[in-house]
Amino acid sequence: MIETIEWTPAGVVMIDQTRLPREQVFVTCHDYREVAQAIRAMVVRGAPAIGVAAAMGVALGVLGADPARLDEEFREICDTLAATRPTAVNLFWAIERMKRVYAEARSGPVEAIRERLAAEARQIKLEDIAINKAIGGNGAPLVPDGRTVMTHCNAGALATAGYGTALGVIRAAVAAGKRIDVIAGETRPFLQGARLTVWELQQDGIPATLITDNMAGYFLKSGRIGCVVVGADRIAANGDVANKIGTYSLAVLAKENEVPFYVAAPVSTLDLALESGERIPIEQRPESEVTHVFGVPVAPEGIRVENPAFDVTPNRYVTAIITERGVAEAPYAESLRALVESKEVVAR
Ligand code: MRU
C-alpha cells in the first residue's frame, strides 16, 4: 500500500493526490509553508491525513525556526497551518496536540524540543493507522454479506495515514470473508471518488463500480445497496456530520429507501464544543473547480458559481457513527460523549 505521508530526513514527503491516478508523484515539503500550501491545494487531503500533515508541518517549522524567536515563530507556524482549510477538525486537533507538546518541552534545549515535536508527529501518524484498523473492526459486523456498499468521496488510505475510515470498514469486512462490492460516486468537483477511491479499491482487488453522483438515487432505490458508509470532517455533539458535499443528499436518499447510513470516523473528528452542525464552518473552494475539468472549461465564461466543499447531514439520517472506541447510535449527545469520556470500547 502506498504511503500517504511520511516524515523523512529530507522533509515531509507526500503522494500528490491531485495527480492520481494518472501519475504517482511524490512531493517533498522542505518547510512548513510548503506543507500549508500542500494542504490548501489538496495535494494531501482527507481529515485525518490533513491532521497528520499539520502535525508534521509544525515539527518541520520548528526545525527551521530561529531559536532566538522560538515562541513567536511557533505561533506563526501554527497559525499558518491552521488557516489552510476550515472544516476538518482534525487539523485543529493535531495543532493543539503539538502545542501541548511544545509547552511541555519548552524549558529544555531547542534540539530536544525539535526531537519531541518530530516524535509526536510520527506518533500521530502511527496512531491513525491503528485507529483506522479498530474502526474497521468495529464497523465490519454492520456490513451485510453479499450486498453492495455505497461510499462517497475518499475516506480511504489516502485520506488518512493508512487503511482508511469508511474504506477501512470495507477492507475489514472483506478481510472477515464478506462477499461485498462497492459503488463509489465520482464526487464532483474534485473527483476524489473517481480518481482515488476506485483506484485504491482496484489496487486491493475489491470489486468496485464507479458512478456519477447523480446516479445515487437510482442505485439506492434499486434494492442492491446493503448500506452506505462515508467518512466525516467534523461531527458535532448532537451527531450532525460534516462531510464532502453530496453526503447529505446520499443520507436523505438512503433513509427514503431504508438503507442504513453509517459514518466512520476517529474520535479526533468529534467536536463536542459544537452543539449542532449549524456552526460547523463550511469551506468555499475556488470557482475554477466547478467551471473547469482538468483545466478545460465546461461552463460559459462569467457564469456565477458556488463551490461549498462540504455539507452537514442532520443526525436523524445517521444510523450509527463507527469509531475506534465503539459504535455510537442515537441519541448522539449521550453516546458520543460516552465515547469521548471513556477509553473503553463501548458495545452496541
Ligand atoms: O476535501 P477533502 O477531499 O479533504 O474531503 C474529504 C472528505 O470529505 C472525507 O470524507 C473526510 O475527510 C473523511 S476522510 C477519512
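Residue numbers for the sequence shown follow the working numbering, beginning at 209 and rising by one. The beta-carbon is built from N, C-alpha and C at its ideal position, and this holds for glycine as well. As the structure is a computational prediction, the values presented were derived from the model and not from experiment.
Under the DSSP assignment, F427 falls in the alpha helix (DSSP H) whose first and last residues are 424-429.
Excluding its 5 nearest sequence neighbours in each direction, R403 has C-beta neighbours in its own chain below 6 Å: L228, P229, listed in chain order. Beyond the five residues adjoining it in sequence on each side, G376 comes within less than 6 Å, by CB distance, of N340, I343, G344 in the same chain, given in chain order. With respect to the 8 Å criterion, E328 and R305 are classified as neighbours on the basis of their beta carbons. Taken atom to atom, the span from the alpha-carbon of L482 to that of P505 is near 39 Å. Counting other Cβ atoms within 10 Å of its Cβ, R387 stays below 16 and is therefore classed as exposed.
Where G269 is concerned, the enclosing alpha helix (DSSP H) starts and stops at 255-271. As DSSP reads the structure, N451 sits in a beta bridge with D519. The beta carbons of V357 and C435 sit closer together than 8 Å. About 6 Å separates the Cβ atoms of V235 and V251, confirming a contact at the 8 Å cut-off. If you keep only unbroken alpha helix (DSSP H) runs of at least 4 residues inside the region 326-387, you get 374-383.
For I391, the uninterrupted beta strand (DSSP E) segment begins and ends at 389-393. Taking 8 Å as the cut-off, the Cβ atoms of L268 and D224 do not count as close. DSSP places A444 in the strand class (E or B) of the three-state scheme. Taking 7 Å as the cut-off, the C-beta of F398 counts as close to a heavy atom of ligand 1.
Scanning G431, I337, D479, S457 for the CA closest to the CA of E466 turns up G431. No residue range can be given for V513, since it is assigned to no alpha helix (DSSP H) and is classified by DSSP as neither H nor E.
In this structure, N346 has its beta carbon at no less than 7 Å from each heavy atom of ligand 1.
Residue environment analysis places R487 among the exposed positions, since fewer than 16 neighbouring C-beta atoms fall within 10 angstroms of its C-beta.
Sequence-distant Cβ neighbours of A392 in its own chain, meaning closer than 8 Å and more than five residues away, are M358, T359, H360, G401, A402, T405, V406, L409, A416, T417, L418, I419. Nearest to N298 by C-alpha distance, out of D336, G316, A326, is D336. In the structure shown, A472 adopts extended strand secondary structure according to DSSP, grouped into three states. R248 sits away from R283, with the two beta carbons spaced by 8 Å or more. Residue environment: N422 is assigned as exposed (fewer than 16 neighbouring CB atoms within 10 Å of its CB, all protein chains considered). Membership of I303 in the alpha helix (DSSP H) is indicated by the continuous run 297-313.
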